[in-house]
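A.B. asks: The structure under discussion is supplied below as structure tokens; questions concerning it will follow.
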Amino acid sequence: MANYHPYDELLMSFAAGQLPNSLGLMVSCHLEKCSSCRDTVKTYEALGGDILASAEQVDVSEDLLSKTLAKLEEPQSANDRFIGQHNSKEVIASKIPRPLRRFIPSDFDELDWSGMSKNIKEFTLKIDDEQYTTKLFRIKAGKVLPEHTHEGNEFTLVMEGSFSDRTCDYHAGDFILADTSTTHQPRAAMDGDCICLAVMDAPLKMTGMFGRMLNPFLR
Amino acid sequence: MNTLREEAPRVGFVINSKTENSTPPKGIKVSNKQPNELNILLLKIAQDQDRQAFVALFNATSSRLKAFAMQCGASNADAEELLQECMLTVWRKAHTFRPEAGSAITWMYTIVRNKRIDMARKNRHETVQSDDLWSEEGTEELETDISKELEGQVARNLLQALPEVQKQVVFKVYFEGKSHSEIANDLDLPLGTIKSRLRLAMKKLDTIVKEQTSWLIIILMMNF
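Going down the list, the sequences are from chains D and S. Just so you know, the working numbering puts 268 at position 137 of the first sequence, and the rest follows in order with no gaps. Just so you know, the working numbering puts 249 at position 205 of the second sequence, and the rest follows in order with no gaps.
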């Protein structure tokens with residue numbers, strides 16, 4: 132059960148189907164683990180239903196009904212067949228959250244992680260998004276990241292393991308937003324690597340002494 | 045309070061079975077007439093592949109679905125294509141509609157929302173599709189919580205509860221997907237005003253949902 136949640140504005144945009152791709156996926160991963168946010172999304176979907184019900188009526192072409200009826204018995208489109216494959220049993224056994232399975236085909240361990248240092252590795256997900264970059268970060272158990280702040284917003288979702296930051300502990304499913312006013316130094320828990328999904332609109336900017344040295348490798 | 049806890053599952057079950065033939069549970073005002081008719085039509089399509097029910101559902105909802113698509117920015121032709129895609133999906137997926145989980149119009153809303161996403165992104169590689177974001181039927185366990193079972197039965201119009209100025213901002217979110225600052229620009233209002241209107245709207249919705257849940261429990265306790 133997650134303790135840190137996306138703010139309601141994000142959940143509303145999600146229910147409206149209007150989030151950018153990477154943020155939408157991240158919210159969807161959080162919802163898998165959070166029934167209270169699922170309930171909130173349901174409320175916003177009901178609001179969507181009300182908006183649809185109150186839509187002004189416009190004329191529909193007269194032949195559209197007969198054209199639609201003619202198509203009722205046609206086999207499903209290629210797109211729907213694709214959905215069937217994607218939900219195959221094999222994939223469901225995976226540890227990867229369902230929304231990310233098309234983008235992370237195998238296990239976390241199988242990914243081609245690239246290292247900026249021994250303690251932190253990253254993997255960039257190929258998600259079509261004009262606004263955001265989506266990465267997985269893997270912090271080694273017990274290791275601490277250099278203190279850093281952010282040039283823009285960075286949304287983080289803990290996927291596996293946990294990390295702590297000053298006073299807070301974050302566990303799988305927790306959703307964290309860092310912005311330019313956040314300076315932090317996350318440390319992975321001792322009992323295992325921490326894997327986070329990060330969606331960011333600008334590269335990290337290191338503030339500490341060590342951070343400045345490390346910074347160029349982060350880009 | 046103990047009584048409630050013991051009674052609850054049984055009460056939930058009774059109401060759930062009544063949903064099948066669309067009889068409203070005693071003492072609770074159910075959704076107004078039209079959405080209830082939509083429920084019946086959907087169930088007929090699901091159970092009997094009833095084409096007449098499909099025609100009736102098409103006639104009852106097509107012009108709103110099209111209007112919704114156009115408010116999201118679709119051209120006339122695209123809106124009709126989206127409408128047709130939605131109705132074909134309704135035909136194929138009617139069996140996944142659960143009257144106890146929400147109203148028919150909300151279910152149709154999720155279809156038009158998802159189809160709009162998929163139409164806009166079709167033929168693009170490495171993109172996100174609606175089925176990445178929302179799981180297909182059956183993957184989500186149906187919760188047995190009493191308040192959830194009742195949700196589909198309750199008469200509520202969330203939209204009506206919002207003042208016009210809040211509705212205006214909410215429409216911008218649903219139809220245009222604009223950021224708060226873009227909305228502020230469009231409406232020529234300070235960013236803070238947009239943020240607080242949206243916040244107030246969300247607070248209001250939350251209050252309504254919570255109040256209704258408590259009332260339903262009270263009504264149920266009085267009835268049994």
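Note that beta-carbon positions come from the ideal geometry of N, C-alpha and C, so glycine has one too. All figures in this text were calculated on a predicted structure; none of them were measured in a lab.
Starting from S295 of chain D, trace the beta strand (DSSP E) both ways and give me its first and last residue.
C.D. replies: S295 of chain D -> beta strand (DSSP E) spans 294-296.
A.B. asks: Give the straight-line distance between the Cα atoms of L354 of chain D and L156 of chain D, rounded to the nearest whole angstrom.
C.D. replies: The structure shown does not extend to residue 354 of chain D, since chain D is modelled only from 132 through 350, so no value can be given for it.
A.B. asks: When you compare the segment 159-179 of chain S with the segment 191-209 of chain D, are there three or more beta-carbon pairs, one atom per stretch, that lie closer than 8 Å?
C.D. replies: In short, these stretches do not touch, since the Cβ pair count stays below three.
A.B. asks: Answer yes or no: does any C-beta atom of chain D fall closer than 7 Å to that of K70 of chain S?
C.D. replies: With a pLDDT of 41 at K70 of chain S, under the threshold of 50, the modelled position of this residue cannot be trusted, and the question is left open.
A.B. asks: Between T314 of chain D and chain S, is any beta-carbon pair separated by less than 7 Å?
C.D. replies: So, not an interface residue.
A.B. asks: Please go through the same chain and pick out, in chain order, the residues whose beta-carbon is closer than 6 Å to the beta-carbon of E181 of chain S, but skip the five residues on each side of it.
C.D. replies: Any answer about E181 of chain S is weak, because its pLDDT of 49 lies below 50 and its placement is not dependable; what the coordinates show is given next. Same-chain partners within the cutoff: T140.
A.B. asks: Expressed to the nearest angstrom, what Euclidean distance is found between the alpha-carbon atoms of D139 of chain D and D305 of chain D?
C.D. replies: Going from the Cα of D139 of chain D to the Cα of D305 of chain D covers about 15 Å.
A.B. asks: Would you call the segment 142-153 of chain D and the segment 224-239 of chain S touching, i.e. three or more CB-CB distances under 8 Å?
C.D. replies: Contact between the segment 142-153 of chain D and the segment 224-239 of chain S is absent, because fewer than three Cβ pairs lie under 8 Å.
A.B. asks: Quick check on Q128 of chain S - is its C-beta less than 7 Å from some C-beta in chain D?
C.D. replies: Chain D contact via Cβ: present.
A.B. asks: For a cutoff of 7 Å on Cβ pairs, would you count G148 of chain D as touching chain S?
C.D. replies: So, interface residue.
A.B. asks: Looking at C-alpha atoms only, which residue of D:L288, D:T314, D:H315 is the closest neighbour of H136 of chain D?
C.D. replies: That would be D:L288, whose Cα lies nearest to the Cα of H136 of chain D.
A.B. asks: Do the segment 321-328 of chain D and the segment 260-274 of chain D make contact, defined as three or more Cβ pairs closer than 8 Å?
C.D. replies: These segments touch.
A.B. asks: In the structure shown, what three-state DSSP assignment does G179 of chain D receive?
C.D. replies: It is helical.
A.B. asks: Please go through the same chain and pick out, in chain order, the residues whose beta-carbon is closer than 8 Å to the beta-carbon of F169 of chain D, but skip the five residues on each side of it.
C.D. replies: It should be noted that the sequence gives Arg, not Phe, for residue 169 of chain D. Cβ neighbours of R169 of chain D beyond the five flanking positions: L162.
A.B. asks: Going residue by residue through the segment 216-288 of chain D, where are the continuous alpha helix (DSSP H) segments of at least 4 residues, counting only ones entirely within it?
C.D. replies: Within the segment 216-288 of chain D, the complete alpha helix (DSSP H) runs of at least 4 residues are 220-223.
A.B. asks: Does any residue of chain S bring its CB to less than 7 Å from the CB of Q188 of chain D?
C.D. replies: Judged by the 7 Å Cβ criterion, Q188 of chain D is in contact with chain S.
A.B. asks: DSSP on H136 of chain D, reduced to helix/strand/coil?
C.D. replies: The answer is coil: DSSP assigns H136 of chain D none of H, G, I, E or B.
A.B. asks: Using a Cβ-Cβ cutoff of less than 6 Å, which residues in the same chain neighbour F254 of chain D once the five nearest sequence positions on both sides are dropped?
C.D. replies: Excluding positions up to five away in sequence, the list reads L242, W244, L267.
A.B. asks: Among D:L200, D:R318, D:P228, D:T174, which has the Cα closest to the Cα of S295 of chain D?
C.D. replies: Nearest C-alpha to S295 of chain D: D:R318.
A.B. asks: Quick check: is the beta carbon of G179 of chain D nearer than 7 Å to any beta carbon in chain S?
C.D. replies: So yes, G179 of chain D belongs to the interface.
A.B. asks: Mind checking W259 of chain S: buried by the 16 CB within 10 Å criterion, or exposed?
C.D. replies: Per the 10 Å Cβ criterion, exposed.
A.B. asks: Less than 6 Å between C-beta atoms, sequence neighbours within five positions excluded: which residues of the same chain meet that for L256 of chain D?
C.D. replies: So the qualifying residues of the chain are F234, T265.
A.B. asks: Anyone know if the C-beta pair for P151 of chain D and Q316 of chain D falls short of 7 Å?
C.D. replies: For P151 of chain D and Q316 of chain D, no; Cβs fall outside 7 Å.
A.B. asks: In the DSSP assignment, find the unbroken beta strand (DSSP E) run with Y301 of chain D in it and report its ends.
C.D. replies: Start and end: 299-301.
A.B. asks: Would you kindly check if the distance between the Cβ of E285 of chain D and the Cβ of A320 of chain D is under 7 Å?
C.D. replies: Not in contact: A320 of chain D and E285 of chain D (Cβ atoms no closer than 7 Å).
A.B. asks: Using a Cβ-Cβ distance under 7 Å, would S240 of chain S count as near chain D?
C.D. replies: No, S240 of chain S lies away from the interface with chain D (no Cβ there is under 7 Å from its Cβ).
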